[in-house]
Amino acid sequence: IRIFPHAKVPEHYVPDPHLRLNLYRRLSLFDNHDDLERFRIELIDRFGAFPREVEDLLRTVQLCIKALTIGVRSARLSDNGRLHIDFCPPDKPESFLQQVQALMEPTGCDYRFINLRQDDLRLSITVGEQEVDSIVEYLFNALQANSRD
Numbered sequence: 410i411r412i413f414p415h416a417k418v419p420e421h422y423v424p425d426p427h428l429r430l431n432l433y434r435r436l437s438l439f440d441n442h443d444d445l446e447r448f449r450i451e452l453i454d455r456f457g458a459f460p461r462e463v464e465d466l467l468r469t470v471q472l473c474i475k476a477l478t479i480g481v482r483s484a485r486l487s488d489n490g491r492l493h494i495d496f497c498p499p500d501k502p503e504s505f506l507q508q509v510q511a512l513m514e515p516t517g518c519d520y521r522f523i524n525l526r527q528d529d530l531r532l533s534i535t536v537g538e539q540e541v542d543s544i545v546e547y548l549f550n551a552l553q554a555n556s557r558d
């Protein structure tokens, strides 16, 4: 997931490079929201309130955890303002396309589907930089809720 360009643990927040690398390593291992929340609390306890870059990094990990449950391979924001979300091949492609279309219509965003190799699917959405987080959160939450049905 690469939608927050400044997502990182900055040097001014954690000066020790070895400690920063260890934090990144730990973040890469999380696969549930409870562990991430404990990590968030630990960061505040150890280093104080964190800057926007760390908040963006934690949001990225949170979205990665969610992405695992809904078949998202990757999500990235391109330089031309398009959000690209790549999905694993869905079990029922037509049903999946209809579901995503129904979710996208109310957003008012310009979007299109692009077929990738071997039935992979890309959803390409034109979004403003300020809308990226809310669109991704909305779409991931809705897909996660629908996957439980």
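For our numbering, add 409 to where a residue sits in the sequence shown, where the first one is 1. We put the CB at the ideal spot given by N, CA and C, even for glycine. On a predicted model such as this, the values are computed, not experimentally measured, just so you know.
{"Query": "What are the partner residues of L486, as DSSP defines its beta bridges?", "Result": "L492"}
{"Query": "Anyone know if the C-beta pair for L552 and I479 falls short of 7 Å?", "Result": "yes"}
{"Query": "How many angstroms separate the CA atom of R482 from the CA atom of V423?", "Result": "30 Å"}
{"Query": "Closest to D519 by CA distance: which of F496, D528, I544 is it?", "Result": "I544"}
{"Query": "Could you give the DSSP three-state label for F413: helix, strand or coil?", "Result": "coil"}
{"Query": "Drop a sphere of 10 angstroms on the beta-carbon of I534, count the other beta-carbons inside from all chains shown, and report buried for 16 or more, exposed for fewer.", "Result": "buried"}
{"Query": "With distances taken Cα to Cα, identify the nearest neighbour of S487 among A554, V541, E420.", "Result": "V541"}
{"Query": "For D528, which residues of its own chain have a beta-carbon under 6 Å away from its beta-carbon, when the five flanking residues on both sides are left out?", "Result": "P498"}
{"Query": "Please classify A484 as buried or exposed, where buried requires at least 16 other C-beta atoms within 10 Å of its C-beta.", "Result": "buried"}
{"Query": "Mapping the DSSP letters down to three states, classify N441 as helix, strand or coil.", "Result": "coil"}
{"Query": "Taking the CB atoms as reference points, tell me whether L506 and V536 lie closer together than 7 Å.", "Result": "no"}
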